[in-house]
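Accompanying notes for the structure given below.
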Amino acid sequence: MALRFYNSLSQQLEPFTPQDGKTVRMYTCGPTVYHYAHIGNLRTFTFQDILRRWLRASGFALNNVMNITDVEDKIIRAAMAQGKTLREYTAEYEEAFLEDMATLRLERPEQVVRATEHIDEMVDLIQKLGEKGFTYESDGSTYYRISKFPEYGKLSHNDFGGMIAGARVDVDEYDKDDARDFVLWKQKKEGEPSWDTPIGDGRPGWHIECSAMAMKYLGATLDIHAGGIDLQFPHHENEIAQSEAVTGKQFAKFWLHAEHLIVEGQKMSKSLGNFYTLRDLLKLGYAPETVRFLLESVPYRNKLNFTMDGVKAAATAIERLRNFELRLKTERFGPDSDAASEARTAGAVLRFRETMDDDLNTAGALGVVFEFLRDTNSAMDSGKFLAGNVASAQGLLSLFDSVFDVMRPTTVAGGISDEAVEALIAERVAAKKARDFGRADEVRAELDAQGIVLEDTKDGPRWKRK
RNA sequence: GGUGCGGUAGCCAAGUGGUAAGGCCAGAGUCUGCAAAACUCUCAUUCGUCGGUUCGAUUCCGACCCGCACCUCCA
6 MALRFYNSLS QQLEPFTPQD GKTVRMYTCG PTVYHYAHIG NLRTFTFQDI LRRWLRASGF
66 ALNNVMNITD VEDKIIRAAM AQGKTLREYT AEYEEAFLED MATLRLERPE QVVRATEHID
126 EMVDLIQKLG EKGFTYESDG STYYRISKFP EYGKLSHNDF GGMIAGARVD VDEYDKDDAR
186 DFVLWKQKKE GEPSWDTPIG DGRPGWHIEC SAMAMKYLGA TLDIHAGGID LQFPHHENEI
246 AQSEAVTGKQ FAKFWLHAEH LIVEGQKMSK SLGNFYTLRD LLKLGYAPET VRFLLESVPY
306 RNKLNFTMDG VKAAATAIER LRNFELRLKT ERFGPDSDAA SEARTAGAVL RFRETMDDDL
366 NTAGALGVVF EFLRDTNSAM DSGKFLAGNV ASAQGLLSLF DSVFDVMRPT TVAGGISDEA
426 VEALIAERVA AKKARDFGRA DEVRAELDAQ GIVLEDTKDG PRWKRK
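According to this note's numbering, the first sequence holds residues 6 to 471 in order.
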């Protein structure tokens with residue numbers, strides 16, 4: 006089975022291939038930089054990272070554009086309150102976001118673009134919409150007239166025909182012709198940042214930036230547009246309305262939406278005290294790759310229940326993977342190659358690929374890897390895993406880690422050097438040979454104090470950092 | 001009210017019309033100078049409830065119960 010994704014547009018699993026067969030043109034909704042990213046934000050960005058990596062593992066090249074929303078109501082309010090310019094205010098959080106991405110080992114998209122640097126493109130798009138009769142002005146602001154776009158609702162699968170009985174309706178929006186209409190360009194308010202343009206002195210509405218930037222860098226029709234589930238409506242619906250009204254072409258072939266994360270079974274919120282940033286978790290002593298593993302371990306279309314037990318379980322699971330890798334590297338296996346072991350590895354590679362191809366089923370793919378680990382450990386124990394089987398087994402781990410990226414421990418500055426550890430171990434081996442167990446135990450305690458775990462195996466001692 | 005998602009062992013969580021992956025926890029064992037670490041084994045007759053279709057359903061259909069999300073800013 007070939008690579009396939011669940012397309013929110015069709016609500017079906019569809020085989021994926023980029024339009025030109027080679028390079029995936031993908032737009033991913035990035036952060037609004039008005040606070041530190043929380044763990045829920047990072048779940049979505051981790052999904053985007055997995056998507057990137059698996060597309061590449063599937064042989065495609067990438068052209069991924071991610072936006073930085075650096076002008077928006079909350080940003081303006083916060084910046085004004087602190088007496089800062091927009092740029093002064095957003096710079097800190099943008100930097101923090103990129104740092105968090107790097108810490109979590111999230112690849113930097115090919116292009117990261119700021120909304121405030123694309124005002125001209127947005128104005129141009131709004132003017133084109135105006136020429137085609139999709140806009141109207143009210144109190145100096147420009148709105149999108151949804152009644153002109155009959156396909157409105159095709160992504161969110163909402164029926165906008167009747168009254169939205171149970172929905173809360175924004176009573177302040179008296180200046181719109183239709184409650185569904187959304188703002189493209191907001192008239193300047195006193196004291197707020199603004200841009201003086203042919204369509205007035207003001208600032209862009211939230212939705213227009215993504216249409217403008219996506220089409221500027223990736224053309225009229227994207228291969229993939231991805232983002233959080235909450236963006237499906239209205240943000241992505243509005244992007245479609247804006248883009249397709251101008252181009253007359255399908256805006257994105259695939260729409261991929263990541264489900265939300267909940268914390269300890271509850272919606273994450275500041276009032277519940279279960280609101281975490283990556284920085285908070287690192288302060289609690291968890292390694293970044295542990296957080297990454299947990300975020301990866303549930304397929305992106307399912308809610309992920311983020312729990313402290315889960316983080317601990319993730320840390321232990323990573324240990325198991327690393328122990329296996331260490332064993333592969335250090336144990337002395339018999340000569341030749343075992344056919345059954347080769348077959349097991351090849352089978353695992355195949356199933357890993359098939360499972361990931363199935364809409365990025367990361368939980369299933371992890372299952373494949375751990376099952377392979379158990380069976381291979383057993384084969385090693387019974388001497389049925391030989392030196393000639395090592396390379397392919399390492400190949401599977403490499404394939405796995407090219408996507409999950411958790412094998413490499415995050416290095417901490419300081420601490421004992423590898424050479425010093427080796428020297429102490431050599432001393433302990435000598436002490437044991439001389440049956441000086443007192444000194445041997447002393448060395449072991451010393452290493453333990455330095456955060457080194459010593460393992461005595463058939464093939465001699467081996468060690469790892471805690 | 002509309003739309004969508006989900007309810008699988010103590011916890012997390014895949015999956016399939018043919019009789020339940022995987023991880024964590026727990027228990028047992030192997031190894032070891034002792035230990036640690038590591039590894040192995042065991043751990044759901046059962047998949048929210050009740051009906052239906054079927055030789056057979058956790059998997060399909062219907063009803064119901066429960067939880068959640070979106071319909072307003074939100075990853």
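C-beta: ideal position from N, C-alpha, C; glycine also.
Considering just the uninterrupted stretch of the alpha helix (DSSP H) at residue i, what are its terminal residues?
| i | result |
| --- | --- |
| residue 242 | 242–252 |
| residue 46 | 44–62 |
| residue 346 | 344–362 |
| residue 338 | From DSSP, residue 338 is part of no alpha helix (DSSP H); its letter is neither H nor E. |
| residue 142 | From DSSP, residue 142 is part of no alpha helix (DSSP H) but of the beta strand (DSSP E) over 140–143. |
| residue 408 | 395–409 |
| residue 442 | 442–454 |
| residue 469 | That residue, residue 469, is in no alpha helix (DSSP H); its beta strand (DSSP E) goes 465–470. |
| residue 79 | 78–86 |
| residue 412 | Residue 412 -> no alpha helix (DSSP H), and no H or E assigned at all. |
| residue 132 | 124–136 |
| residue 424 | 423–438 |
Could you check how far apart the C-beta atoms of residue i and residue j are, in whole angstroms? I think they sit under 8 Å.
| i | j | result |
| --- | --- | --- |
| residue 114 | residue 71 | 4 Å |
| residue 112 | residue 54 | 6 Å |
| residue 77 | residue 211 | 6 Å |
| residue 48 | residue 263 | 7 Å |
| residue 198 | residue 81 | 6 Å |
| residue 296 | residue 283 | 7 Å |
Buried or exposed: residue i, going by 16 or more other Cβ atoms within 10 Å of its Cβ?
| i | result |
| --- | --- |
| residue 457 | buried |
| residue 195 | exposed |
| residue 416 | exposed |
| residue 14 | buried |
| residue 294 | buried |
| residue 2 | One cannot answer for residue 2 here, as it falls past the ends of the chain, which runs 6 to 471. |
| residue 172 | In this prediction, residue 172 scores a pLDDT of 43, lower than 50, which makes its location untrustworthy; the coordinate-derived value is nonetheless stated afterwards. With fewer than 16 other Cβ atoms within 10 Å, it is exposed. |
| residue 16 | exposed |
| residue 277 | exposed |
| residue 464 | exposed |
| residue 460 | exposed |
| residue 453 | exposed |
| residue 75 | buried |
| residue 250 | buried |
| residue 321 | exposed |
| residue 315 | buried |
| residue 247 | buried |
| residue 12 | buried |
| residue 206 | exposed |
| residue 26 | exposed |
| residue 176 | Note on residue 176: pLDDT 40, under 50, position unreliable in the model; no value is reported. |
| residue 216 | buried |
| residue 33 | buried |
| residue 167 | Only weak support is given to the placement of residue 167: the predicted model assigns it a pLDDT of 44, under 50, and the value that follows is read from those uncertain coordinates. Exposed, by the Cβ-count rule. |
| residue 332 | buried |
List the DSSP bridge partners of residue i.
| i | result |
| --- | --- |
| residue 272 | 267 |
| residue 67 | 29 |
| residue 116 | 70 |
| residue 376 | In the DSSP output, where bridge partners are listed per residue, residue 376 has none listed. |
| residue 281 | Answer by DSSP bridge pairing: none, since residue 281 is not bridged. |
| residue 19 | 10 |
| residue 208 | 191 |
| residue 201 | 206 |
Could you give the residue range of the beta strand (DSSP E) that holds residue i?
| i | result |
| --- | --- |
| residue 148 | 146–149 |
| residue 462 | 457–462 |
| residue 216 | It is not in any beta strand (DSSP E) - residue 216 instead sits in the alpha helix (DSSP H) that spans 213–223. |
| residue 233 | 227–233 |
| residue 295 | Looking at the DSSP string, residue 295 is not in any beta strand (DSSP E); the run it does join, the alpha helix (DSSP H), is 293–301. |
| residue 309 | 309–311 |
| residue 95 | First-last for residue 95: 91–108, but that is the alpha helix (DSSP H), not the beta strand (DSSP E). |
Looking at residue i: is its Cβ nearer than 9 Å to the Cβ of residue j?
| i | j | result |
| --- | --- | --- |
| residue 203 | residue 132 | yes |
| residue 21 | residue 30 | no |
| residue 153 | residue 135 | no |
| residue 87 | residue 98 | no |
| residue 116 | residue 46 | no |
| residue 311 | residue 395 | no |
| residue 150 | residue 183 | yes |
| residue 326 | residue 378 | yes |
| residue 143 | residue 237 | no |
| residue 232 | residue 265 | no |
| residue 442 | residue 436 | yes |
| residue 398 | residue 346 | yes |
Please confirm whether any heavy atom of the ligand SAH lies closer than 8 Å to the CB of residue i.
| i | result |
| --- | --- |
| residue 384 | Absence of the ligand SAH is noted for the structure shown, with no ligands found whatsoever. |
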